[in-house]
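Numbering (this note's numbering), first residue to last: 534 to 758.
Next comes the structure, spelled out in structure tokens:
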């Protein structure tokens, strides 16, 4: 079994004044390389905290997290940023594109952050071609539809060949037709490249298209389907 993600008794405690908020209360699971997994849970269940932990945006208070063979729970901020850039591609509900930059410049950003110079433009072009936007490379976000902006965001997420793609409500700002197209695109990229896909969603229709659902409630696993 080739696990790309392993979590062991992950806990996250936020201190708000004298109050401690236990967002994660001891979460343990594995995700195999190439798997398509949904993370679901009601508001306040801890799914955003878990996503931030898996995406190396934050570190747990205690517990062990191994991403693609590397223990990351105790890394400092610079180390966390480095592994995040190399191992994780993000797709957000609000796209998170730089409004003054062209599509290709937005896609090049992870390569710039990692210090990649050679072949950077070619890799960005290939990523945009893979999401069907070879004719929109010089357009800025405001010149693109919502679906096209999300395709740019997906191209940006895959340009570094990450171990996992984390998609946080990727169809939340799109109508049902375009949302279906984006979901199909993500699933096809998973099939073609074998990149692990983790989708945080509240939509059962999207969850049904994944291979497994990790459910959270009150910071604990609430069973797996």
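Just so you know, even glycine gets a beta-carbon here, dropped at the ideal spot from N, CA and C.
query, result
"7 Å Cβ cutoff, residue 594 in contact with chain B", "Reference to chain B is not applicable here, since this structure consists of a single protein chain."
"Neighbourhood of residue 616 by C-beta distance below 8 Å, restricted to the same chain and skipping five residues each side", "589, 600, 603, 605, 608"
"CB of residue 681 within 7 Å of CB of residue 628, strictly", "no"
"CB contact flag (residue 700, residue 640, <7 Å)", "no"
"Per DSSP, the bridge partner or partners of residue 563", "539"
"7 Å Cβ shell around residue 690 - same chain, five flanking residues per side excluded", "622, 623, 624, 698"
"Euclidean distance between Cα positions of residue 538 and residue 593", "15 Å"
"Where residue 545 sits in the DSSP three-state scheme", "strand"
"For residue 552, three-class secondary structure by DSSP", "strand"
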